[in-house]
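Take a look at the structure below.
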Amino acid sequence: MTHQEHPAERLEIAGFEPFSACDWPGKLAAVLFLQGCPWRCGYCHNFSIIDAKKPGVIPWQHVADTLTERRGLLDGVVFSGGEPTRQIALVDAAQRTKNLGFAVGLHTGGQYPTRVQALLPLLDWVGLDIKAPSEKYQAVTGRAPDNSKPMRTLHMLLDAGINVQVRTTLDPLTLDEEDIVTIREEVIAMGVTDYVVQRVRPDGTNPEYAAALAEYRQKTQRGVSDILPMT
Numbered sequence: 001m002t003h004q005e006h007p008a009e010r011l012e013i014a015g016f017e018p019f020s021a022c023d024w025p026g027k028l029a030a031v032l033f034l035q036g037c038p039w040r041c042g043y044c045h046n047f048s049i050i051d052a053k054k055p056g057v058i059p060w061q062h063v064a065d066t067l068t069e070r071r072g073l074l075d076g077v078v079f080s081g082g083e084p085t086r087q088i089a090l091v092d093a094a095q096r097t098k099n100l101g102f103a104v105g106l107h108t109g110g111q112y113p114t115r116v117q118a119l120l121p122l123l124d125w126v127g128l129d130i131k132a133p134s135e136k137y138q139a140v141t142g143r144a145p146d147n148s149k150p151m152r153t154l155h156m157l158l159d160a161g162i163n164v165q166v167r168t169t170l171d172p173l174t175l176d177e178e179d180i181v182t183i184r185e186e187v188i189a190m191g192v193t194d195y196v197v198q199r200v201r202p203d204g205t206n207p208e209y210a211a212a213l214a215e216y217r218q219k220t221q222r223g224v225s226d227i228l229p230m231t
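Using our numbering, the first residue of the sequence shown is number 1, and each one after it goes up by one.
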């Protein structure tokens, strides 16, 4: 598949943040939120854009024009989602971003290792979500039977020498401290040096999940910091 067959203009873009200081550690970046995700994580704070059948609302040309104007003001561009690697046109978009002089970052759950492989020459940094120990992936994602694809993606990124931050969102409805320790030990053994535990953010999540989380917190009176201190 060539870039001409899947040009950046075919990207389904659900949102565009022209300036962010929190989506790429230590970098000032623009962020594209691409429509659609194959998984259904309850705590996803971009719940409104996970439907892959919805069309994008922002044209690539608008993004390209904005990036051209911001050359010299931004360090890079992060492709986020949804799950950005679901869209084949991402490769051409990343190449065009690189041609404009920006570093390229990616947020991914690692669902499509082959798609990530096609992006390897273009990537400068990846935030990879390892969501749970393998046996709990179904419970967290609602779809994936295990962690084989995300771990394959992680191996690929590490082998390519790409700077990777592995993140786990601590969902107290499905994960506990032992799960976090299991993930941390596994990825560190693989060579990961940047592992982050993220707090659940109820804003933007599935309303049913937000209600269940609120009920849990009310009953237990425990927050994430009580389950696992953030040090």
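Each residue gets a CB set at the ideal place from its N, CA and C atoms; glycine is no exception.
Assigned secondary structure, residue i (DSSP; H/G/I helix, E/B strand, else coil)
i: Thr108; result: strand
i: Ile232; result: Here the chain covers residues 1 to 231 and nothing more, so residue 232 does not appear.
i: Ile188; result: helix
i: Phe102; result: coil
i: Leu123; result: coil
i: Asp146; result: coil
i: Asp171; result: coil
i: Leu11; result: coil
i: Val57; result: coil
i: Glu17; result: strand
i: Pro229; result: Because Pro229 carries a pLDDT of 44, less than 50, the predicted location of this residue cannot be relied on, and no value is offered for it.
i: Leu128; result: strand
Integer Cβ distance of residue i from residue j, believed to fall under 8 Å
i: Ser166; j: Val187; result: Reading the sequence as shown, one finds Val at residue 166 and not Ser. Correct: roughly 5 Å between the Cβ atoms.
i: Gly191; j: Lys149; result: About 19 Å separates the two Cβ atoms, so there is no contact after all.
i: Leu173; j: Ala212; result: 6 Å
i: Val65; j: Ala103; result: It is worth fixing the name first, because residue 65 is Asp in this sequence and not Val. The pair is not a contact, with the Cβ atoms about 19 Å apart (cut-off 8 Å).
i: Val63; j: Ala14; result: Their Cβ separation, rounded to whole angstroms, is 12 Å, which puts Val63 and Ala14 out of contact at 8 Å.
i: Leu100; j: Leu67; result: 5 Å
Neighbourhood of residue i by C-beta, 8 Å cutoff - its chain only, sequence neighbours within 5 removed
i: Glu9; result: Pro59, Trp60, Gln61, Ala89
i: Val196; result: Gln165, Val166, Arg167, Thr168
i: Ala139; result: Ala132, Thr174
Close Cβ partners of residue i (< 7 Å) along its chain, the five nearest in sequence each way excluded
i: His45; result: Arg201, Asp203, Gly204, Thr205
i: Tyr43; result: Thr169, Asp171, Val200, Thr205, Tyr209
i: Arg54; result: With the sequence shown as reference, residue 54 is identified as Lys, and Arg is not the correct amino acid for it. Contacts found: Gln35.
i: Leu122; result: Ala94, Gln95, Lys98, Val104
i: Arg71; result: Leu100, Gly101
Beta strand (DSSP E) segment containing residue i, residue limits
i: Gln198; result: 195-199
i: Leu32; result: 29-34
i: Gly76; result: 76-80
Chain-order list of residues whose beta-carbon lies under 6 Å from that of residue i (same chain, five-residue window excluded)
i: Asp146; result: Ser134, Tyr137
i: Ala93; result: Ala8, Leu11
i: Thr97; result: Val77, Val104
i: Pro18; result: Ala30, Thr66
i: Gly142; result: Arg40
i: Lys27; result: Asp75, Gly76
i: Arg86; result: Gly36
Residue interval of the alpha helix (DSSP H) (run including residue i)
i: Val63; result: 60-69
i: Glu215; result: 207-220
i: Ala89; result: No alpha helix (DSSP H) holds Ala89; DSSP gives it neither H nor E.
i: Tyr43; result: Run containing Tyr43: none; DSSP gives neither H nor E here.
Quiz item: Per the contact definition of three or more C-beta pairs closer than 8 Å, is the segment 118-132 in contact with the segment 156-174?
Solution: yes
Quiz item: Does the segment 113-123 come within contact of the segment 31-40, defined as at least 3 CB pairs closer than 8 Å?
Solution: no
Quiz item: Are at least three pairs of beta-carbons, each pair with one atom in the segment 68-83 and one in the segment 175-183, less than 8 Å apart?
Solution: no
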